[in-house]
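Residue numbers (this note's numbering): 35 to 640. Backbone N, C-alpha and C fix where the C-beta goes; we use that ideal spot for every residue, glycine too. Contents: one structure, followed by commentary.
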Amino acid sequence: MYEVFRRGLSISGNGPCLGFRNPKKPYQWLSYQEVADRAEFLGSGLLQHNCKPCTDQFIGIFAQNRPEWIITELACYTYSMVVVPLYDTLGPGAVRYIIDTADISTVIVDKPQKAMVLLEHVERKETPGLKLIILMEPFEEALKDRGQDCGVVIKSMQAVEDCGQRNHHVPVPPKPSDLSIVCFTSGTTGNPKGAMLTHGNVVADFSGFLKVTEKVIFPRQDDVLISFLPLAHMFERVIQSVVYCHGGRVGFFQGDIRLLSDDMKALCPTIFPVVPRLLNRMYDKIFSQADTSLKRWLLEFAAKRKQAEVQSGIIRNDSIWDELFFHKIQASLGGCVRMIVTGAAPASPTVLGFLRAALGCQVYEGYGQTECTAGCTFTTPGDWTSGHVGAPLPCNHIKLVDVKELNYWTSKGEGEICVRGPNVFKGYLKDPERTKEALDDDGWLHTGDIGKWLPAGTLKIIDRKKHIFKLAQGEYIAPEMIENIYIRSEPVAQMYVHGDSLKAFLVGIVVPDPEVMPSWAQKRGIEGTYAELCTNKELRKAILEDMVRLGKESGLHSFEQVKAIHIHSDMFSVQNGLLTPTLKAKRPELREYFKKQIEELYSISM
Numbered sequence: 035m036y037e038v039f040r041r042g043l044s045i046s047g048n049g050p051c052l053g054f055r056n057p058k059k060p061y062q063w064l065s066y067q068e069v070a071d072r073a074e075f076l077g078s079g080l081l082q083h084n085c086k087p088c089t090d091q092f093i094g095i096f097a098q099n100r101p102e103w104i105i106t107e108l109a110c111y112t113y114s115m116v117v118v119p120l121y122d123t124l125g126p127g128a129v130r131y132i133i134d135t136a137d138i139s140t141v142i143v144d145k146p147q148k149a150m151v152l153l154e155h156v157e158r159k160e161t162p163g164l165k166l167i168i169l170m171e172p173f174e175e176a177l178k179d180r181g182q183d184c185g186v187v188i189k190s191m192q193a194v195e196d197c198g199q200r201n202h203h204v205p206v207p208p209k210p211s212d213l214s215i216v217c218f219t220s221g222t223t224g225n226p227k228g229a230m231l232t233h234g235n236v237v238a239d240f241s242g243f244l245k246v247t248e249k250v251i252f253p254r255q256d257d258v259l260i261s262f263l264p265l266a267h268m269f270e271r272v273i274q275s276v277v278y279c280h281g282g283r284v285g286f287f288q289g290d291i292r293l294l295s296d297d298m299k300a301l302c303p304t305i306f307p308v309v310p311r312l313l314n315r316m317y318d319k320i321f322s323q324a325d326t327s328l329k330r331w332l333l334e335f336a337a338k339r340k341q342a343e344v345q346s347g348i349i350r351n352d353s354i355w356d357e358l359f360f361h362k363i364q365a366s367l368g369g370c371v372r373m374i375v376t377g378a379a380p381a382s383p384t385v386l387g388f389l390r391a392a393l394g395c396q397v398y399e400g401y402g403q404t405e406c407t408a409g410c411t412f413t414t415p416g417d418w419t420s421g422h423v424g425a426p427l428p429c430n431h432i433k434l435v436d437v438k439e440l441n442y443w444t445s446k447g448e449g450e451i452c453v454r455g456p457n458v459f460k461g462y463l464k465d466p467e468r469t470k471e472a473l474d475d476d477g478w479l480h481t482g483d484i485g486k487w488l489p490a491g492t493l494k495i496i497d498r499k500k501h502i503f504k505l506a507q508g509e510y511i512a513p514e515m516i517e518n519i520y521i522r523s524e525p526v527a528q529m530y531v532h533g534d535s536l537k538a539f540l541v542g543i544v545v546p547d548p549e550v551m552p553s554w555a556q557k558r559g560i561e562g563t564y565a566e567l568c569t570n571k572e573l574r575k576a577i578l579e580d581m582v583r584l585g586k587e588s589g590l591h592s593f594e595q596v597k598a599i600h601i602h603s604d605m606f607s608v609q610n611g612l613l614t615p616t617l618k619a620k621r622p623e624l625r626e627y628f629k630k631q632i633e634e635l636y637s638i639s640m
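Here is the structure:
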């Protein structure tokens with residue numbers, strides 16, 4: 035990865051590299067050479083503070099997306115050290131566990147509040163190995179004194195860079211087989227697992243992406259990427275690596291997702307990595323603004339005309355339909371987006387189909403997990419059909435294996451997805467038992483996901499193996515697949531589908547979208563505040579009917595449809611313990627949290 039950045043430096047001719055902005059101000063840029071110099075200074079400064087230039091040296095990064103994150107990462111790669119990202123949304127218990135498990139002695143943080151969290155662990159003797167905390171932002175002298183009291187040195191990032199500039203060390207670049215990053219994945223149960231990825235893993239993964247897209251949308255020096263997805267996720271890391279490799283620019287959002295549209299208008303990105311949740315919100319907002327039946331009909335008519343063009347291979351943003359209907363939507367993203375990449379969760383075929391037409395750019399979908407670096411399948415350019423996650427990347431093989439206990443058979447083209455190739459990880463840090471569960475003796479990664487081969491050679495994701503359950507009459511249920519259909523209902527923001535082997539039908543917990551539901555209810559003659567609407571029986575019935583309609587349109591069997599729902603007014607979140615830091619549902623916690631409501635739904639519906 036050191037050579038990847040040096041290649042970008044050479045190609046760009048020392049062009050702009052990392053951008054940031056203050057509120058209502060234009061983006062400011064650090065050049066490739068400035069970033070490379072600061073990385074060498076910081077890396078040299080770390081060596082002066084007892085860090086070693088080797089793959090046994092783990093450096094924690096506990097910060098939101100910002101230029102200093104990348105400078106720190108590059109500093110580690112310049113001297114063969116290993117990056118260990120700490121999620122911004124991780125709870126203190128997980129942070130303590132990671133620091134302790136990875137024997138991290140140095141953590142670089144953005145804000146003093148995070149330094150205080152780390153010091154609390156040291157004071158409680160939970161992380162005795164932590165010796166140095168480096169802050170990106172200014173801090174009070176009292177913080178330094180508090181650190182001194184428990185044996186932790188507190189330094190500013192600028193001071194460490196200055197030290198490194200005075201005591202420069204010759205770079206010690208890593209080999210492809212050397213460890214690059216230990217990415218702790220947030221499990222829905224138990225402690226996080228530290229997936230060990232090498233420099234070769236990352237390069238192999240993004241090389242696969244480049245090979246697939248090289249004929250149609252090859253990255254360029256004038257490409258600009260908006261960075262707002264967490265840098266602790268490999269999805270964001272891999273896409274950024276592609277940009278640096280080709281001398282492009284990365285602009286960071288201000289840190290507030292509510293200002294993302296403002297940041298995009300100021301930055302005018304050409305590459306937009308995004309998770310399906312955001313695409314869903316974009317889609318819902320567009321249709322909620324079509325507030326009369328005539329406007330909605332015209333919008334759908336224009337989208338169908340453009341979708342016909344997309345299916346015939348024409349992707350453009352200068353048609354009469356763009357001028358009349360879609361120009362404002364494109365302008366809200368800066369007006370220059372030429373590629374959207376989505377992953378990390380299943381995307382709705384309806385949403386993808388509409389946005390491919392409305393945004394006039396290439397929209398790709400991928401599938402993968404941290405253990406195969408990021409992606410292992412990707413949309414094939416020209417195949418703009420929906421309902422699948424593309425074909426295998428050129429850097430890996432994929433096979434399906436029988437899952438007898440769930441009745442999935444490879445003879446029917448279904449089974450657990452297994453991946454093998456140079457993008458597959460080396461195992462979990464200090465966890466041979468879980469490594470053996472994930473990697474078999476032949477090097478196949480068993481993902482725990484159930485997939486199905488489609489006739490064109492593309493892969494469809496059915497659900498997580500551990501989430502599938504059987505109803506009382508013996509039918510198997512894939513709840514995430516059903517949830518992803520139901521959240522297409524306009525007023526629905528979040529959904530939890532519940533069932534078990536003692537019950538004959540499904541029930542659900544629905545969290546409405548507070549921005550959309552009041553107007554949606556009003557159109558149906560139902561008035562009230564958001565809180566009042568959440569308890570309105572008539573509205574609950576209307577939402578259930580809309581969900582069932584979508585289920586029928588998507589081909590759900592009657593036993594896959596929920597028979598009753600409870601409306602819950604508060605969003606599932608990381609803070610209330612119902613989502614993981616990667617915003618995936620914690621199903622056991624949801625089941626326990628809504629135990630009373632679920633029992634009531636079954637008693638009413640019997």
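| query | result |
| --- | --- |
| C-alpha gap between E691 and Q528, whole angstroms | Residue 691 lies beyond the stretch modelled for the chain, which goes from 35 to 640, so this question has no answer here. |
| I6 (DSSP reduced to helix, strand or coil) | For the chain, the structure presents residues 35 to 640; residue 6 sits outside this window and is missing. |
| Classification of W331 by the beta-carbon crowding that lies within 10 angstroms, buried from 16 upward | exposed |
| Beta-carbon proximity of G282 to D257, cut-off 9 Å | yes |
| Reduced DSSP secondary structure (H/G/I, E/B, other) of W487 | strand |
| Same chain, Cβ closer than 6 Å to G242, neighbours up to 5 away in sequence not counted | L427, P428, C429 |
| Nearest residue (CA-CA) to Q91, options R72, P101, V141, I45 | V141 |
| Run of the alpha helix (DSSP H) containing V194, from where it starts to where it stops | 191-200 |
| Status (buried if at least 16 other CB within 10 Å, exposed otherwise) for V204 | exposed |
| According to DSSP, residues forming a beta bridge with W63 | G53 |
| Assigned exposure category for L152 - 16 Cβ within 10 Å defines buried | buried |
| Pairwise C-alpha distance: L108 and A70 | 8 Å |
| Extent of the continuous alpha helix (DSSP H) run through V236 | 233-247 |
| Three or more C-beta pairs below 8 Å linking the segment 529-545 and the segment 490-510 | yes |
| Same chain, Cβ closer than 8 Å to E471, five either side skipped, listed in chain order | H480 |
| Beta-carbon proximity of L493 to T411, cut-off 9 Å | yes |
| Three-state secondary structure (DSSP) of R254 | coil |
| 9 Å Cβ cutoff met for K602 and V544 | In the sequence as displayed, the identity of residue 602 is His instead of Lys. Result yes, Cβ atoms of H602 and V544 sit closer than 9 Å. |
| Residue closest to G163, alpha-carbon to alpha-carbon, out of K178, V608, Y131 | Y131 |
| Residue environment, F335, which counts as buried when at least 16 other CB atoms sit within 10 Å | exposed |
| Bounding residues of the beta strand (DSSP E) (the contiguous stretch that carries G598) | A small correction: the amino acid at residue 598 is Ala; Gly does not occupy that position in the sequence shown. First-last of the beta strand (DSSP E) with A598: 596-601. |
| Contact the segment 402-410 vs the segment 339-348: 3+ CB pairs below 8 Å | no |
| Contacts around I577, its chain only, beta-carbon distance under 8 Å, and the 5 residues preceding and following it disregarded | S523, P525, V526, V544, P546, I599, I601 |
| Proximal residues to R350 (C-beta, below 8 Å), its chain only, five neighbours per side dropped | E343, D356, G394 |
| Other residues of its chain near C568: CB distance less than 6 Å, five sequence neighbours each side excluded | I601, S603 |
| Residue environment, P622, which counts as buried when at least 16 other CB atoms sit within 10 Å | exposed |
| Unbroken alpha helix (DSSP H) run spanning A149, endpoints | 146-157 |
| Opening and closing residue of the alpha helix (DSSP H) in which D134 lies | 126-135 |
| Counted within 10 angstroms of its Cβ, other Cβ atoms place R292 as buried (16 or more) or exposed | exposed |
| Contact the segment 451-463 vs the segment 475-489: 3+ CB pairs below 8 Å | yes |
| Simplified DSSP state of M605, which is helix, strand or coil | coil |
| Supposed close pair G449, L473 - CB separation, criterion 8 Å | Going by Cβ atoms, the distance from G449 to L473 rounds to 18 Å, so no, they are not a contact pair. |
| Reduced DSSP secondary structure (H/G/I, E/B, other) of R283 | strand |
| Assigned secondary structure, L121 (DSSP; H/G/I helix, E/B strand, else coil) | Inspection of the sequence shows that residue 121 is occupied by Tyr rather than by Leu. Coil. |
| C302 versus Q364, I484, M515, residue with shortest Cα-Cα distance | Q364 |
| Three-pair Cβ contact test at 8 Å for the segment 259-278 versus the segment 97-113 | yes |
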